[in-house]
Structures are given as structure tokens and as C-alpha cells.
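Let me begin by presenting the structure, written as C-alpha cells, before commenting on it.
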Ligand code: MG
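Residue numbers (my numbering): 179 to 336.
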């Protein structure tokens with residue numbers, strides 16, 4: 179078994195669609211980034227790459243590369259899974275936490291879970307997504323940004 183962690187944070191700005199876990203969420207602001215800035219998917223990619231000993235998301239999908247401009251991060255996750263499986267690993271399970279003061283993410287949790295499970299080709303009950311506020315504290319609490327943490331377990335294919 180191999181384990182990896184990932185963390186990401188993006189700034190909330192007006193005029194962007196908020197996308198978390200591949201789900202477009204109605205909100206007055208969205209996350210700023212070169213891609214769609216899907217903070218949860220980025221943390222997941224880093225957890226998977228970390229567990230496989232493959233470095234981090236910035237190596238493969240640099241924000242200076244025009245081909246990744248406004249790209250759906252789900253596509254980056256597909257490429258990440260290809261790298262992980264070509265190194266001889268299968269994904270056992272993932273767990274994650276999204277840190278956001280607003281909007282409430284609970285109504286979208288199941289859709290995110292399904293999206294991710296389908297993309298990384300594991301059962302839905304092996305994809306856990308939690309959400310929390312930071313009780314109004316710090317950069318998350320003031321609504322300046324949204325962060326996500328993820329942990330992934332891989333097993334070596336027989
Ligand atoms: Mg990111």
C-alpha cells in the first residue's frame with residue numbers, strides 16, 4: 179500500500195464559475211486560476227501523484243502552458259490516473275475535506291462523489307468528501323478563498 183496527501187487553495191473572485199469536485203455550483207464568486215481552479219480535484223491529483231511517488235500537479239500541468247487554460251480539472255485528473263496506473267498502482271480509496279465559509283457544499287456532495295468515483299474508476303463508497311467552514315477565521319473564514327485537503331491510498335497491482 180502507498181499513501182499520499184494533497185492540499186490546494188484558490189482565491190474567490192467575482193465573474194468566475196465556481197467548480198468544486200467537477201460540479202458547477204451557483205455562487206456569486208468563483209475560484210481564480212489558470213484551469214477551472216477546481217481546488218478539490220487539484221488536491222486529489224496531488225494526493226495521487228504523491229502516493230505514486232510522481233511529484234506534484236505543477237510538474238505535469240504548469241499554469242504557464244496555454245493548453246491548460248480554463249481546462250476542466252477533471253481532464254487533469256484523468257491524465258493523473260493514467261500516470262498512476264501506468265506505474266502499476268490501483269486506487270484503493272480517497273478521503274478529502276473542502277474548507278469553505280460559503281456556499282454550503284452539502285447539497286453538491288453526492289454529485290462530486292459520483293463525478294470523482296466515475297473519473298478515477300472506483301466505487302462511490304471509496305470516495306469520501308467532507309466539508310467544513312473555518313468558523314469565520316483567517317483567509318477561508320473571510321471568504322477570500324476556498325481550500326481542500328485530500329489523502330489517497332494506492333495498492334500495487336499484482
Ligand atoms: Mg490548484
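Idealized CB from N, CA, C, for every residue including glycine.
Expected contact under 8 Å - CB spacing of residue i and residue j to nearest Å
| i | j | result |
| --- | --- | --- |
| residue 217 | residue 209 | 6 Å |
| residue 385 | residue 307 | Lying before the first or after the last residue shown, residue 385 is absent from the chain, which here runs from 179 to 336. |
| residue 327 | residue 221 | 6 Å |
| residue 295 | residue 186 | In fact, because the Cβ distance is near 20 Å, the residues do not count as touching under 8 Å. |
Secondary structure of residue i, DSSP reduced to three states
| i | result |
| --- | --- |
| residue 285 | helix |
| residue 266 | coil |
| residue 209 | strand |
| residue 311 | coil |
| residue 251 | helix |
Endpoints, the beta strand (DSSP E) within which residue i is located
| i | result |
| --- | --- |
| residue 220 | Unbroken run through residue 220 is the alpha helix (DSSP H), 217 to 230; no beta strand (DSSP E). |
| residue 334 | 323 to 334 |
Pairwise C-alpha distance: residue j and residue i
| i | j | result |
| --- | --- | --- |
| residue 227 | residue 182 | 7 Å |
| residue 297 | residue 280 | 26 Å |
| residue 245 | residue 219 | 18 Å |
| residue 256 | residue 314 | 34 Å |
| residue 192 | residue 323 | 12 Å |
| residue 309 | residue 196 | 15 Å |
| residue 212 | residue 248 | 6 Å |
| residue 190 | residue 207 | 6 Å |
Host alpha helix (DSSP H) of residue i (start-end)
| i | result |
| --- | --- |
| residue 184 | That residue, residue 184, is in no alpha helix (DSSP H); its beta strand (DSSP E) goes 180 to 192. |
| residue 317 | 316 to 319 |
| residue 237 | 235 to 238 |
Identity of the residues DSSP links to residue i by a beta bridge
| i | result |
| --- | --- |
| residue 417 | An answer regarding residue 417 cannot be provided, because it is not within the stretch 179 to 336 covered by the chain. |
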